[in-house]
Amino acid sequence: MMMSPESFKEMQAGKSLEELYEIRREIMEDLIDFEDNYDGKFEFFPSPETRYIVNNLYLIKVCELISEKLASLEE
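Sequential numbering from 16 applies to the sequence shown in our numbering.
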């Protein structure tokens, strides 16, 4: 089962910038893989479309955390 984007963000909140960068890379790799290889077949659960949509939402949340951490470094 996939978690909500807010829960995902909460789970990642304590991670370092380097860890967040790695999570962002992994999500982006999954998104790119979907875009490059999706053939319209539903063989997995959750479906590739669902994973793609949720990964985009997770990417937003990771980028928010990265921005927040970078802003706190400037203070």
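Beta carbons are placed, not taken as given, at the ideal position from N, Cα and C, and that holds for glycine.
P61 sits in coil when the DSSP states are folded into three classes, being neither helix nor strand.
Rounded to the nearest angstrom, the gap between the Cα atoms of F49 and I68 is 11 Å. Going by DSSP, D51 is part of the alpha helix (DSSP H) stretching over 32-52.
Secondary structure of M26 (DSSP, three-state): helix. Around the beta carbon of I47, fewer than 16 other beta carbons sit within 10 angstroms, so the residue counts as exposed.
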